[in-house]
Amino acid sequence: MPSLCRDCLNPFDAGSRCPACRSPRILTHPELDSLSIAHMDCDAFYASVEKRDNPELRDKPVIVGGGTRGVVSTCCYIARISGVRSAMPMFQALKLCPEAVVVRPRMQVYVEVSRQVRAMMEVLTPAIQPLSLDEAFLDLSGTARLHGAPPAVMLVRLLKRMEDELGITGSVGLSHNKFLAKIASDLDKPRGFSVIGRAETVQFLQNKPVRIIWGVGEAGQTALAQAGIRTIADLLRWDRRDLQARFGSLGDRLWSLARGEDNRPVNRDEKMKSISSETTFDEDTGDPDILDGHLWRLSEKVSDRAKAKDLAGRTVTIKLKRANFTLVTRRHSLGEPTQSADRLYHEARALFDTAREPGPFRLIGVGLSDLCPADEADRMTDLLDPGAARRRKAEAATDAIRARFGRDAIIKGRALR
Amino acid sequence: MKISIERGTLLKAVGQAQSVVERRNTIPILANVLIEAEGNQVSLRATDLDIEVVDKAPAMVERPGATTVSAVMLHEIVRKLPDGALVSLTEEAATGRLTVAAGRSTFSLATLPKEDFPVMASSEYATNFSAPAPVLRRLFDKAKFAISTEETRYYLNGVYMHVAQGENGPVLRCVATDGHRLARIDAPLPSGAEGMPGVIVPRKTVGELRKLLDDDETQIAVSVSETKVRFATPNIVLTSKVIDGTFPDYSRVIPTGNTRRLEVDATEFAKAVDRVATVSSERSRAVKLSLDEDRLVLSVNSPDSGAAEEELAVAYSDDRLDIGFNAKYLLEIASQVDRENAVFLFNSAGDPTLMREGNDTSAVYVVMPMRV
Numbered sequence: 000m001p002s003l004c005r006d007c008l009n010p011f012d013a014g015s016r017c018p019a020c021r022s023p024r025i026l027t028h029p030e031l032d033s034l035s036i037a038h039m040d041c042d043a044f045y046a047s048v049e050k051r052d053n054p055e056l057r058d059k060p061v062i063v064g065g066g067t068r069g070v071v072s073t074c075c076y077i078a079r080i081s082g083v084r085s086a087m088p089m090f091q092a093l094k095l096c097p098e099a100v101v102v103r104p105r106m107q108v109y110v111e112v113s114r115q116v117r118a119m120m121e122v123l124t125p126a127i128q129p130l131s132l133d134e135a136f137l138d139l140s141g142t143a144r145l146h147g148a149p150p151a152v153m154l155v156r157l158l159k160r161m162e163d164e165l166g167i168t169g170s171v172g173l174s175h176n177k178f179l180a181k182i183a184s185d186l187d188k189p190r191g192f193s194v195i196g197r198a199e200t201v202q203f204l205q206n207k208p209v210r211i212i213w214g215v216g217e218a219g220q221t222a223l224a225q226a227g228i229r230t231i232a233d234l235l236r237w238d239r240r241d242l243q244a245r246f247g248s249l250g251d252r253l254w255s256l257a258r259g260e261d262n263r264p265v266n267r268d269e270k271m272k273s274i275s276s277e278t279t280f281d282e283d284t285g286d287p288d289i290l291d292g293h294l295w296r297l298s299e300k301v302s303d304r305a306k307a308k309d310l311a312g313r314t315v316t317i318k319l320k321r322a323n324f325t326l327v328t329r330r331h332s333l334g335e336p337t338q339s340a341d342r343l344y345h346e347a348r349a350l351f352d353t354a355r356e357p358g359p360f361r362l363i364g365v366g367l368s369d370l371c372p373a374d375e376a377d378r379m380t381d382l383l384d385p386g387a388a389r390r391r392k393a394e395a396a397t398d399a400i401r402a403r404f405g406r407d408a409i410i411k412g413r414a415l416r
Numbered sequence: 000m001k002i003s004i005e006r007g008t009l010l011k012a013v014g015q016a017q018s019v020v021e022r023r024n025t026i027p028i029l030a031n032v033l034i035e036a037e038g039n040q041v042s043l044r045a046t047d048l049d050i051e052v053v054d055k056a057p058a059m060v061e062r063p064g065a066t067t068v069s070a071v072m073l074h075e076i077v078r079k080l081p082d083g084a085l086v087s088l089t090e091e092a093a094t095g096r097l098t099v100a101a102g103r104s105t106f107s108l109a110t111l112p113k114e115d116f117p118v119m120a121s122s123e124y125a126t127n128f129s130a131p132a133p134v135l136r137r138l139f140d141k142a143k144f145a146i147s148t149e150e151t152r153y154y155l156n157g158v159y160m161h162v163a164q165g166e167n168g169p170v171l172r173c174v175a176t177d178g179h180r181l182a183r184i185d186a187p188l189p190s191g192a193e194g195m196p197g198v199i200v201p202r203k204t205v206g207e208l209r210k211l212l213d214d215d216e217t218q219i220a221v222s223v224s225e226t227k228v229r230f231a232t233p234n235i236v237l238t239s240k241v242i243d244g245t246f247p248d249y250s251r252v253i254p255t256g257n258t259r260r261l262e263v264d265a266t267e268f269a270k271a272v273d274r275v276a277t278v279s280s281e282r283s284r285a286v287k288l289s290l291d292e293d294r295l296v297l298s299v300n301s302p303d304s305g306a307a308e309e310e311l312a313v314a315y316s317d318d319r320l321d322i323g324f325n326a327k328y329l330l331e332i333a334s335q336v337d338r339e340n341a342v343f344l345f346n347s348a349g350d351p352t353l354m355r356e357g358n359d360t361s362a363v364y365v366v367m368p369m370r371v
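First to last, the sequence lines map onto chains V and Z. To convert, note that position 87 of the first sequence is 86 in numbering that gives the first Met the number 0; the numbers rise steadily by one, no gaps. To convert, note that position 262 of the second sequence is 261 in numbering that gives the first Met the number 0; the numbers rise steadily by one, no gaps.
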């Protein structure tokens, strides 16, 4: 059976240790040389970067997230032992793990590390589909000859490079489609490498719960449970047409996925669908002045990101989380797309005003969706808002100043609220 | 209640009533039409709490009375009955149902008590005047395309009807805008309309009003207060709340210094715009107008789908000008022109453009250009 040493990359035939370096970290699978779709997921990415940059944190539980009121963005594996999970409210995380060190996220650093990882992946294949800063699908089909090594070897090499050169670890799932690759990368975390071969696919999936399927969340599980579907085996008993009839196009996908079939390609240019930014307050607030300041800062952030990517959007959304955690969202479609912070702010503000929600809130967010190229944006001015053209020029000037002298070189008074 | 009524007469009255009823309703009674029979006529009343319409139709009333039934269902039934049929509506005291019978068809409809039907509080109307249907038809028809659908600027979701100073004295004026285009339509001020409070007539009311204005001979009695407006013919009374907001000062956005004058056959222009816009991207619909000595070139260049160009002979004698517009806006504006040539007055590629019919300033349109 083809085997591979994860430490010295030595391929060999069989054995429980590498014949060359005696390492026990070996990879053995009958289809090891023929699988080429991979999912790479960094281990506790933000936390790993923090530990790398501050060795004092190495043996401590680390939580990356915002303030006492924010949520956990990432937590290291030590913190996870205490039950801390990402997306958990910070107060709850700190109750579970009072000795944890809370670190404010440094997005710019993570973006930079992510870019370095991306560059390393690009050595392997051009077919990369990033899902977020710290995970991506890779399609290495047809690269064996180019690299003189099968995909598995190249992926092990990638993980090793990430450890050696960037000081962060990742886990890889290797299989014959995206669905299984994504599942596989989660099986052996952290520093893992799992393989799901064609031959074992059906058997592997059989007794797994349906939530293993990407996209089946709480609501999906409930809906499926009502139909008596809890495991993949339950799904396999259903006729394709019955699934379709009951769950629509999702039913069709479930039918295929339950059989381990997934023909979605690794999409290089998976289009970005929305740009949004949100903030959780240190203290619940309903103060219109404070909220107005946040609306402006968030609009500016979203606009900055849209401008950086040369995108514009025609739907503006605001999101408010009430003190009791219930969510209010309001959206509005514009006559033409925009990327202007001023326009976004005015729309967001109008949405906020018409929502007539008194608050207090714990979170506010602004989003832009229905994206299109920037050259379609902001081509018309508003008859009834003669100041808009001047404000647009001012924004362009502000952008130029910020590009040259830094983000905080010039800000609106509104941003200080 | 027991009445007999001719099918066509009933259909017209029910038709008007049911279109006011909101399809998605949380208050059951609002889905119903209130039928009241007395003397030799029947009246049908429907409301969505913002608009109320009362239709009166002649009927043979055997037993006066009143009840409410589903407006949509009654309309569907009457619509499907054969032409010329005599329809009888009978309230069955025992079952609380309304029997609708015509020929061999019999329907029994659930009713709700007439006491539950909300009747719009009557208002003190400060201004009452009368206007011929064609005058009101022109005022609203030519303005309504510019009504905004944006809920965030709710005060633009209607036609602003008010008294204004025209070139030759006071006029009854209707204005609508969505921020991208604007329509300003004037009519001679009917006597009695002086001092009328300016009101924003909601989009839906404009649509319902339109049904009262088809007959050229009808005189429409218009009553206006600060909060309500009422349009009445001898048979139909349409009462509506007006939009509670301030219409923006539109006068300052109507350009007065535009000097570059283009005159073009509106129909030919609209057809050409429509043709070249075929290749424009679904969403942006940008059309470029390139003007030169008596020549207009319309062009669309869309990187994804292709390009189009069309030349038109026009009257233009000013400097070269390239200006872009949303094709939909141009089409809508051009289609308002029905008698003479369309006259466009431009300033620059970034400024609002004015359009009118010949030299007629009683209907003026403004459209915002688009960067192309």
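No residue lacks a Cβ here, since even glycine has one placed at the ideal position from N, Cα and C.
- Here Phe128 (chain Z) carries a strand assignment [DSSP, helix/strand/coil].
- Between Phe351 (chain V) and the set Z:Arg152, Z:Leu33, Z:Ser239 and Z:Ala145, the nearest pair of CA atoms involves Z:Arg152.
- For Val275 (chain Z), the enclosing alpha helix (DSSP H) begins and ends at Ala265 to Ala276.
- CA-CA distance, Ala305 (chain V) to Glu299 (chain V), rounds to 10 Å.
- For His161 (chain Z), no Cβ of chain V is located within less than 8 Å of the residue's own Cβ.
- Within chain V, no residue has its beta carbon less than 7 Å from that of Val158 (chain Z); the closest one is some 16 Å off.
- By DSSP's assignment, Ile363 (chain V) forms a beta bridge with V:Thr278 and V:Leu319.
- Listed as beta-bridge partners of Asn31 (chain Z) by DSSP are Z:Ser69.
- At least one CB atom of chain V sits nearer than 8 Å to the CB of Arg370 (chain Z).
- Counting C-beta pairs closer than 8 Å gives three or more between the stretch 327-340 of chain V and the stretch 371-381 of chain V, which meets the contact rule.
- A check of alpha carbon separations from Arg51 (chain V) across V:Gly166, V:Gly312 and V:Gly214 identifies V:Gly166 as the nearest.
- Against chain Z, the CB of Leu350 (chain V) has a partner CB under 8 Å away; the residue lies at that interface.
- Boundaries cannot be given for Ile167 (chain V), as no beta strand (DSSP E) includes it and DSSP labels it neither H nor E.
- Contact annotation: in the stretch 8-33 of chain V, no residue has its CB less than 7 Å from a CB in chain Z.
- In the structure shown, the three-state DSSP call for Lys411 (chain V) is coil.
- Close partners of Met379 (chain V) in chain Z (Cβ separation under 8 Å): His179, Asn325, Met367, Pro368, Met369 and Arg370.
- Judged by DSSP in its simplified three-state form, Thr221 (chain V) adopts helix.
- At a C-beta separation below 7 Å, Gly334 (chain V) has these neighbours in chain Z: His179.
- About 6 Å separates the Cβ atoms of Ile242 (chain Z) and Pro201 (chain Z), confirming a contact at the 8 Å cut-off.
- If you compare the alpha carbons of V:Asp133, V:Val100, V:Thr124 and V:Ala92 with that of Glu111 (chain V), the shortest gap goes to V:Asp133.
- Linking Leu179 (chain V) to Val155 (chain V) through their CA atoms gives a straight-line distance of about 18 Å.
- For the pair Ser170 (chain V) and Asp42 (chain V), the CB atoms are nearer than the 8 Å cut-off.
- In terms of CA proximity to Met106 (chain V), V:Phe44 leads the group V:Leu95, V:Asp233, V:Phe44 and V:Asp6.
- Setting aside the 5 residues that flank it on each side, Val363 (chain Z) is surrounded in the same chain by Arg183, Ile253, Leu353 and Arg355, each with a C-beta closer than 7 Å to its C-beta; the list follows chain order.
- Bounds of any alpha helix (DSSP H) do not take in Glu51 (chain Z); it lies within the beta strand (DSSP E) bounded by Ile50 to Pro57.
- By the neighbour-count criterion, in which a residue is buried when 16 or more other Cβ atoms sit within 10 angstroms of its Cβ, Cys20 (chain V) is exposed.
- Contacts between Glu331 (chain Z) and chain V, judged by CB atoms closer than 9 Å, are missing: the closest CB pair is about 13 Å apart.
- Val221 (chain Z) and Asp213 (chain Z) have their C-alpha atoms roughly 16 Å apart.
- In the DSSP assignment, Asp291 (chain Z) is bridged to Z:Arg294.
- A residue is called buried when at least 16 other Cβ atoms come within 10 angstroms of its Cβ; Lys320 (chain V) meets this threshold and is buried.
- Beta-bridge analysis with DSSP links Lys240 (chain Z) to Z:Lys227.
- The beta-carbon separation of Met367 (chain Z) and Gly323 (chain Z), rounded to 10 Å, does not stay under the 8 Å limit for a contact.
- Against chain Z, the beta carbon of Thr328 (chain V) has no neighbour under 9 Å; the closest one sits roughly 15 Å away.
- It is roughly 22 Å from the alpha-carbon of Arg413 (chain V) to the alpha-carbon of Arg329 (chain V).
- Annotation: Asn53 (chain V) to Ala118 (chain V) spans about 24 Å, alpha carbon to alpha carbon.
- Across the structure, Arg180 (chain Z) and Leu10 (chain Z) are spaced so that their CA atoms are roughly 38 Å apart.
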